[in-house]
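Participant: Okay, handing you the structure first.
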Amino acid sequence: MRRYISAYFEDEENLLRATKDLRDKQFSIQDVLTPFPIHGLDPILGFKRSRIPTVGFIAGAIGCILAFGFQTWVFTIDYPLFIGGKPHFAIPSFIPITFELTVLFAAFGMVFAFLIRSKLGPGANNPIHDERITDDRFMIIVDLDEAGNQDELVKEILLKEEAQEIKVKEIDK
Amino acid sequence: MDHKYTLKRKTQYGILSIAGFGILLLILGYFIESPNRQELWANVLINNLYFLFIALFGGVFLALHKISYAGWYTALKRIPEALTNFLPIGAALMFLIYFGMHDLYHWSHEGLNDPILEGKAAYLNVPFFFARMAVYFIGWIGLTYLLKKNTLNQDANPDLKYHNRGKILAALFMVFFAISSSTMSWDWIMSIDAHWFSTLFGWFIFIGMFVCGIATIILIIAFLKSQGYLEYINKEHIHDMGKYLFAFSIFWMYLWFSQYLLIWYSHIPEETAYFAPRLNDHTVLFFTVLVINFLFPFLALMTRDSKRNLKWLSFVAIIVLIGHWLNVYMLVIPGTIGKTAQIGLIEIGFIALYLGGFLYVVFSSLTKTPLLVKNDPLLEESFHYET
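These protein sequence lines map, in sequence, to chains A and B. One rule links them: number in the working numbering = place in the first sequence (from 1) + 42. One rule links them: number in the working numbering = place in the second sequence (from 1) + 45.
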């Protein structure tokens with residue numbers, strides 16, 4: 043069982059200030075949920091640069107080589123056919139499939155890397171803190187156990203920025 | 046701060062010495078290489094087109110962002126506006142082609158006895174060619190002039206009506222440009238190989254223009270920033286320009302290949318006649334263009350950091366600009382001079398002369414208006430731009 047505190051904000055400016063305050067005081071923010079992307083939130087939360095583009099590049103390169111290599115093998119070694127009087131090793135006709143497979147591998151590679159890394163997918167256990175999350179308000183969830191059970195201090199910071207519906211919940215995870 | 050750009054003596058001498066260097070090379074080249082009329086006219090056409098495209102892209106850039114309600118570009122609006130100031134000179138240079146018609150466009154000869162060209166004669170004839178040219182330039186120069194005048198009016202008067210009027214002008218420009226950019230490329234470039242035709246040729250030329258224009262704007266931003274101007278242009282704006290350069294280099298290759306694949310695949314003589322001389326007589330250049338214009342920017346600008354680094358981005362922009370000059374060269378040369386064409390003193394001389402003149406026009410028009418627009422409702426958004 044872990045204890046979490048959640049609070050709603052009606053304005054993103056308040057949310058930004060509260061997040062910054064909590065981060066400055068070393069509280070562990072479990073998540074910040076917003077109905078739309080907020081500029082400047084990522085650096086305040088101290089997110090590291092995503093490594094998804096690297097995954098995309100590697101997966102795309104694999105797809106590219108695989109597609110080109112497979113077609114080359116099929117059309118020159120395994121089953122050479124004369125098509126339209128073109129040479130067996132006809133690079134221009136390989137390009138569309140190579141391109142498509144590069145895109146496909148890059149896209150799937152990134153999606154699955156994301157799912158695995160964020161522990162999503164079938165059987166994933168991600169408790170919902172509130173049904174109205176991402177409806178039309180801004181929410182902060184703070185991990186109280188990590189914060190050393192300083193409930194009052196967290197509440198004080200949240201209240202200072204006009205937080206509403208401050209709730210403490212126990213969720214097993 | 047009034048954000049007024051003053052052309053330093055040093056810059057001015059630099060620009061004039063580029064042009065002077067060009068004239069010197071041309072004189073040298075004229076005596077050493079003794080070029081014929083055709084080579085001279087082909088060079089005039091290549092550089093006319095190249096610099097005209099960059100100037101014209103200034104108008105496209107303004108209109109495109111205006112009608113898409115973009116805010117981020119507002120702070121750097123004066124740069125594309127300055128580019129369009131080259132349009133009247135580009136127009137005058139294009140009309141010069143009248144004297145070189147017969148050296149460049151083989152359809153303009155009398156008594157050809159060619160059934161294909163006779164069928165196209167209703168469109169491809171000299172009076173109509175120049176009538177269309179006049180229409181294009183009236184449209185482009187007129188509409189970009191009105192767009193520029195509109196922002197100047199906005200500078201003086203904080204009325205929202207100028208913003209709305211700008212949107213109408215931009216929409217008109219876009220519609221006119223959409224049609225004229227296609228027909229312009231048929232007239233001036235595709236008709237060099239008058240028997241050949243391609244339906245996506247106009248877009249191919251347009252995307253080449255897009256890449257050149259973006260690269261030029263990046264270089265002007267880099268230069269002005271190194272002089273201590275444009276302090277409000279931050280990494281986010283640079284990043285977006287980098288994205289443009291990256292994306293449209295890919296799109297350029299996409300269109301190039303779409304055109305090539307179908308012609309290669311169907312193997313019909315009247316179509317392959319276009320690629321055969323390019324591939325067989327200019328093999329090295331043919332593949333160099335593809336490497337410089339696609340493979341290099343694709344790999345060089347792939348990461349986020351490379352797009353946000355203005356120095357690296359400027360380097361890529363220079364290489365891409367060279368690549369697209371070679372692309373225009375490859376569009377014009379095989380149909381005019383053919384096999385014997387070489388890049389020598391004359392070619393470099395013409396580039397330097399045109400470049401000097403172009404930079405002189407652009408930079409002197411940058412000094413005429415403040416570098417930052419005023420009263421634009423989207424200006425504040427541009428300052429706080431974040432991707």
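The C-beta atom is built at its ideal place from N, Cα and C for all residues, glycine as well.
Please classify A:A132: does DSSP put it in a helix, a strand, or coil?
Facilitator: By 1-based counting over the first sequence, the position of residue 132 of chain A is 90. It is coil, neither helix nor strand.
Participant: Please check if any C-beta of chain A sits within less than 7 angstroms of the C-beta of B:W370.
Facilitator: Counted from its first residue, the second sequence places residue 370 of chain B at position 325. With 7 angstroms as the cut-off, B:W370 does not count as an interface residue toward chain A.
Participant: Do we get a CB-CB distance below 7 angstroms when we pair B:W309 with the residues of chain A?
Facilitator: If you number the second sequence from 1, residue 309 of chain B lands on position 264. With 7 angstroms as the cut-off, B:W309 counts as an interface residue toward chain A.
Participant: Quick one: what does DSSP say B:Y289 is sitting in, helix, strand or coil?
Facilitator: Residue mapping note: residue 289 of chain B aligns to position 244 of the second sequence, counting from 1. Correct three-state label for B:Y289: helix.
Participant: Where does the unbroken alpha helix (DSSP H) through A:S48 begin, and where does it stop?
Facilitator: One-based indexing of the first sequence puts residue 48 of chain A at position 6. Taken as a continuous stretch (DSSP letters only), A:S48 belongs to no alpha helix (DSSP H), being part of the beta strand (DSSP E) at R44 to F51.
Participant: Helix, strand or coil for A:K211, going by three-state DSSP, please let me know.
Facilitator: By 1-based counting over the first sequence, the position of residue 211 of chain A is 169. A:K211: strand per DSSP, three-state reduction.
Participant: Tell me the DSSP secondary structure of B:M347 in three-state form.
Facilitator: Here the question's residue 347 of chain B lines up with position 302 in the second sequence. Note: B:M347 maps to coil in three-state DSSP.
Participant: Helix, strand or coil for A:F180? Go by DSSP, reduced to three states.
Facilitator: The residue labelled residue 180 of chain A in the question sits at position 138 within the first sequence. Three-state result, A:F180: strand.
Participant: Could you tell me which of B:N354, B:P422, B:P342 and B:I224 sits nearest to B:K280, measuring between CA atoms?
Facilitator: Against the second sequence, residue 280 of chain B aligns to sequence position 235. Checking every option, the nearest Cα to that of B:K280 belongs to B:N354.
Participant: Within 7 angstroms of any Cβ in chain B, is that where the Cβ of A:P129 sits?
Facilitator: The sequence position of residue 129 of chain A within the first sequence is 87, counting from 1. So, not an interface residue.
Participant: Would B:V256 and B:S294 be called neighbours here (beta carbons separated by less than 7 angstroms)?
Facilitator: Your numbering for residue 256 of chain B matches position 211 in the second sequence. Your numbering for residue 294 of chain B matches position 249 in the second sequence. It is a contact, given that the beta carbons lie within the stated cut-off.
Participant: Since A:G102 meets chain B, which of its residues come closer than 9 angstroms, beta carbon to beta carbon?
Facilitator: Working through the first sequence from its first residue, we reach residue 102 of chain A at position 60. Those within 9 angstroms of A:G102 in chain B number zero; the least Cβ separation is about 10 angstroms.
Participant: Does DSSP put B:D421 in a helix, a strand or coil?
Facilitator: Stepping through the second sequence from its first residue, residue 421 of chain B is reached at position 376. Here B:D421 sits in coil by DSSP.
Participant: Quick check on DSSP: helix, strand or coil for B:I388?
Facilitator: What you label residue 388 of chain B is simply residue 343 of the second sequence in a count that begins at 1. Note: B:I388 maps to coil in three-state DSSP.
Participant: Going along the chain, which residues of the segment 303 to 336 of chain B sit with their C-beta nearer than 9 angstroms to a C-beta in chain A?
Facilitator: So the list reads Y305, L306, W309, Y310, S311 and H312, given in the order they occur along the chain.
Participant: Using only alpha-carbon positions, find the residue among A:E142, A:I47 and A:P77 that is nearest to A:E54.
Facilitator: Walking along the first sequence from the start, residue 54 of chain A turns up at place 12. It is A:P77 whose Cα lies nearest to the Cα of A:E54.
Participant: So which of B:M347, B:I72 and B:F246 has the shortest CA-CA distance to B:G389?
Facilitator: Start at 1 with the first residue of the second sequence, and residue 389 of chain B comes out as number 344. Per the Cα distances, B:I72.
Participant: For the alpha helix (DSSP H) that B:L149 lies in, which residues bound it at each end?
Facilitator: Counting from 1 along the second sequence, the entry for residue 149 of chain B is found at position 104. Unbroken alpha helix (DSSP H) run through B:L149: M146 to L149.
Participant: For B:E84, which residues from the same chain have a beta carbon less than 7 angstroms from its beta carbon, with the 5 sequence-adjacent residues on both sides left out?
Facilitator: If you number the second sequence from 1, residue 84 of chain B lands on position 39. I382 and I391, listed in sequence order.
Participant: For B:S271, count the other beta carbons within 10 Å of its own beta carbon; 16 or more makes it buried, fewer makes it exposed. Which is it?
Facilitator: Position 226 of the second sequence, counted from the first residue, corresponds to residue 271 of chain B. So B:S271 counts as exposed.
Participant: At what residues does the alpha helix (DSSP H) containing A:D193 begin and finish?
Facilitator: Indexing the first sequence from 1 puts residue 193 of chain A at position 151. Here the alpha helix (DSSP H) through A:D193 covers D193 to K202.
Participant: Any beta carbon from chain A within less than 7 angstroms of B:E276's own beta carbon?
Facilitator: Here residue 276 of chain B corresponds to residue number 231 of the second sequence, with the count starting at 1. Not one chain A Cβ lies under 7 angstroms of B:E276.
Participant: Taking Cβ to Cβ, would you say A:I213 is nearer than 7 angstroms to A:L200?
Facilitator: Looking up residue 213 of chain A in the first sequence gives position 171. Looking up residue 200 of chain A in the first sequence gives position 158. Contact flag unset, no.
Participant: Given that A:I137 touches chain B, what residues does it touch there, using C-beta distances under 9 angstroms?
Facilitator: Residue mapping note: residue 137 of chain A aligns to position 95 of the first sequence, counting from 1. The contacting residues are F302 and L306.
Participant: Apart from the five residues on each side of it in sequence, which residues of its chain come closer than 7 angstroms, Cβ to Cβ, to B:I186?
Facilitator: Within the second sequence, residue 186 of chain B is the residue found at index 141, counting from 1. Result list for B:I186: L132, P133 and A136, in chain order.
Participant: Take B:E426 and list the residues in its own chain whose beta-carbon comes closer than 8 angstroms to its own, dropping the five residues that flank it on each side.
Facilitator: Along the second sequence, one-based indexing puts residue 426 of chain B at 381. Around B:E426: G116, W117 and T119.
Participant: What three-state label does DSSP hand A:L75 in the structure shown?
Facilitator: Residue numbering aside, residue 75 of chain A sits at position 33 when the first sequence is read from its first letter. Looking at A:L75 - three-state DSSP - the assignment turns out to be strand.
Participant: Taking only beta-carbon positions, decide if A:P122 is within less than 7 angstroms of chain B.
Facilitator: For the purposes of this step, residue 122 of chain A is taken as the residue at position 80 of the first sequence. Not one chain B Cβ lies under 7 angstroms of A:P122.
Participant: Please look up how many angstroms separate the CB atoms of B:L358 and B:I263, rounded, as I've assumed it's under 8 angstroms.
Facilitator: To locate residue 358 of chain B, count along the second sequence from 1; it is residue 313. To locate residue 263 of chain B, count along the second sequence from 1; it is residue 218. That belief holds up - the Cβ atoms of B:L358 and B:I263 are roughly 6 angstroms apart, short of 8 angstroms.
Participant: For A:D185, write down the residues that DSSP places opposite it in a beta bridge.
Facilitator: To locate residue 185 of chain A, count along the first sequence from 1; it is residue 143. Paired residue(s): A:Y46.
Participant: Pull up the CB-CB distance for B:G104 and B:F218, whole angstroms please, since I reckon it's below 8 angstroms.
Facilitator: Position 59 of the second sequence, counted from the first residue, corresponds to residue 104 of chain B. Position 173 of the second sequence, counted from the first residue, corresponds to residue 218 of chain B. Sure, about 6 angstroms apart at Cβ, within 8 angstroms.
Participant: Find out if the Cβ-Cβ distance for the pair B:A260, B:L366 is shorter than 7 angstroms.
Facilitator: For this step, residue 260 of chain B is matched to residue 215 along the second sequence. For this step, residue 366 of chain B is matched to residue 321 along the second sequence. A contact, by the Cβ cut-off of 7 angstroms.
Participant: Could you tell me the boundaries of the alpha helix (DSSP H) in which B:T328 lies?
Facilitator: Residue mapping note: residue 328 of chain B aligns to position 283 of the second sequence, counting from 1. Note, B:T328: alpha helix (DSSP H), T328 to L335.
Participant: Have a look at B:V170 and B:G164 and give me their C-alpha separation to the nearest angstrom.
Facilitator: To locate residue 170 of chain B, count along the second sequence from 1; it is residue 125. To locate residue 164 of chain B, count along the second sequence from 1; it is residue 119. Per the sequence presented here, residue 170 of chain B reads as Asn, with Val not at that position. In a straight line, the C-alpha of B:N170 is about 11 angstroms away from that of B:G164.
Participant: Indicate whether the contact test is met: 3 or more Cβ pairs, each with one atom in the segment 58 to 68 of chain B and one in the segment 393 to 401 of chain B, closer than 8 angstroms.
Facilitator: Taking 8 angstroms as the limit for Cβ pairs, the verdict is that the segment 393 to 401 of chain B does touch the segment 58 to 68 of chain B.
Participant: What does B:E431 reach in chain A if we use C-beta pairs closer than 8 angstroms?
Facilitator: Against the second sequence, residue 431 of chain B aligns to sequence position 386. By Cβ distance, chain A contributes H81 and G82.
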